[in-house]
Amino acid sequence: MPSLSSRGLWKLQSAPKPYPLKVSQRSLASVTARQLPSPIQAPSRANQSRTLAANTKLMGLPACGAGARAGGSGSGSAVNRAGFSTSAMAAAARSGAGPASSGAGIGIGMGAGPAPVSAPPPPSTALASSATARTTSQALSARANNSQISSSSFSSSSQRTAQIARHLSTASSPSHPTPYLSPASPTADMASTYTLRKIGAPHTLEHRVYIEQDGVPVSPFHDIPLYANKEQTILNMIVEIPRWTNAKQEISKDELLNPIKQDIKKGKLRFVRNCFPHKGYLWNYGAFPQTWEDPNVIHPETKAKGDNDPLDVCEIGELVGYTGQVKQVKVLGVMALLDEEETDWKVIVIDVNDPLAPKLNDVEDVERHLPGLLRATNEWFRIYKIPDGKPENQFAFTGECKNKKYAMDVVREAAEAWDRLITGKTQPGGISTTNLTVAESQSRVTPDQLPPLPAHQELPAEKIDASIDKWFFISGAAS
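According to the numbering used here, the sequence shown is numbered sequentially starting from 27.
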């Protein structure tokens, strides 16, 4: 696979120790050179006492594309598990640092963005127009749609710090992540605070989907909270693969901020095959943020280790989702797929805004109101790799879909495993743990420490080979 960095995308580099950067009196963030693109190198210990402004100046990166870029803005404000308001990040994001190619400073530099996205069903993408980036004392300015932070001018970095501090002081309790509106209201959708930044054409090696909150890029793996209400009965789900599609898209664990990209096998883009009578994925398929299936732990009941991924989710509502969508869902049950000797949980959920959601509260309700769906789900996961020459997958519990209580226990275990990962208690291996919100994480950074992203692109998907639509008939599939 060619180096993506040569095409304006981020490519991770490996390097030694974390380099602590002074952020504020509230927390100490650190960033490793491994988690940022070259030419970043870990500075000497003598430089570690410098202020954030001095440090970011040392960490200059060339901006992507022609000219320096300025960040965009979104709407709304959500507070994550660390109690950090991302509206504050948006304020920080609207300041650039350093000219386009000099590398004399670093800023969020988000890139020139388009008009709001009109393609259904994604939310509008509110991105800023391109601007000349300077140091952190430059005026905050942005063209924003539905922005809660008006364009303001800050004559000093201390004023800018004070603005961020005001947002932090209004943040809700860290134990109650993101505000949640009751699903009884048809307009209740906290996902409206999230927008997408797409890079490259779909079905290409370069394609990436970044998720932004209030104009600031965030990690769908680490920054979007798992729970959407304080009772922890409603969860956030990241849609990776819309129903009835074949492109195997997933959160990229090893790239900075973990964008969604299409999986690659042997240098080629991966598509799942159509096993009769199914077409593509049967559900909106995705993952729970802030969860991780630890490959170092063998589950006592499945007798297999975790698969080193966020927890997989199958959303069974009537609407087809879109890649990068943040859905609010409730858990109904879970299946334990044994995929190549690894435990690969598949959590069954439904969008809380789905018309059927009030009637579905546990796994037996699924069979009552959607007869055949669980059987088809079991069959799909059992046979979907057979056309590619792999053996049939197996299930723990003889394929039984365990109930909601069991499923919630699986979710909590995966959340605890992620917490150990993000706080450094478990070695991350090749996983990028860079985040903007987890106070206890040594990989936490501020928006000013991120390299610039290329501008948002709404490009038509590349044509895929007609063979992807072929049906495969598997003997005994319906048994």
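Ideal Cβ placement from N, Cα and C applies to all residues, glycine included.
Item: In angstroms with no decimal places, state the Cα-to-Cα distance between Ile-376 and Leu-308.; Value: 13 angstroms
Item: Is Ile-290 close to the ligand NAP? I mean its beta-carbon at under 6 angstroms from any heavy atom of the ligand.; Value: Because no ligand of any kind appears in the structure shown, any question about the ligand NAP cannot be addressed here.
Item: Could you tell me the distance, in whole angstroms, from the CA atom of Ser-458 to the CA atom of Val-471?; Value: 12 angstroms
Item: Which of the three DSSP states is assigned to Gly-343 in this structure?; Value: coil
Item: So, using beta-carbon positions, are Pro-478 and Tyr-348 closer together than 7 angstroms?; Value: no
Item: Please report the distance separating the alpha-carbon of Gly-306 from that of Leu-400.; Value: 16 angstroms
Item: Using DSSP with H/G/I as helix, E/B as strand and the rest coil, what is Gln-354?; Value: strand
Item: When the Cα atoms are used, what is the spatial distance from Glu-484 to Lys-329?; Value: 45 angstroms
Item: Could you check whether Met-434 and Val-357 sit closer than 7 angstroms to each other, using their CB atoms as the reference points?; Value: yes
Item: How many Å lie between Arg-394 and Glu-257 at the Cα?; Value: 27 angstroms
Item: Short of 6 angstroms in beta carbon distance, which residues of its chain neighbour Lys-489, apart from the five on each side in sequence? Order them along the chain.; Value: none
Item: When you compare only the Cα positions, how much space is there between Asp-289 and Gln-275?; Value: 6 angstroms
Item: Can you give the Cα-Cα distance for Phe-247 and Phe-421, rounded to whole angstroms?; Value: 26 angstroms
Item: In angstroms, rounded to a whole number, what distance separates the CA positions of Ala-440 and Asp-338?; Value: 11 angstroms
Item: Got a sec? Which residues, its chain only, sit under 7 angstroms from Arg-296 by beta carbon, not counting five neighbours each side?; Value: Lys-274, Gln-288, Asp-289 and Ile-290
Item: Mind checking whether Tyr-253 and Pro-243 have CB atoms under 7 angstroms apart?; Value: no
Item: Residue range of the alpha helix (DSSP H) that Trp-444 falls in?; Value: 430-448
Item: Straight-line CA distance for Phe-423 to Leu-476?; Value: 45 angstroms
Item: What is the rounded straight-line gap between the Cα of Cys-90 and the Cα of Arg-223?; Value: A caution first: Cys-90 carries a pLDDT of 38, below 50, which makes its placement in the model too unreliable to give a value.
Item: Do the region 442-452 and the region 402-419 meet, that is, are 3 or more Cβ pairs less than 8 angstroms apart?; Value: no
Item: Applying the 10 Å Cβ sphere with the 16-neighbour rule, what's the burial state of Pro-303?; Value: exposed
Item: For the beta strand (DSSP E) containing Ala-313, list its first residue and its last residue.; Value: 310-313
Item: Cutting at 8 angstroms between CB atoms, please list the residues of its own chain near Ala-487, excluding the five before and the five after it.; Value: Ala-227, Pro-228 and His-229
Item: If you count every other CB in all the chains shown that lies within 10 Å of the CB of Gln-453, and 16 or more means buried, which is it?; Value: exposed
Item: Using DSSP with H/G/I as helix, E/B as strand and the rest coil, what is Asn-262?; Value: strand
Item: Please name the residue, chosen from Asp-249, Ile-494, Cys-301 and Ala-481, that lies closest to His-233 on a Cα-to-Cα basis.; Value: Ala-481
Item: Report the rounded CA-to-CA distance for Val-436 versus Ile-374, giving the unit in angstroms.; Value: 12 angstroms
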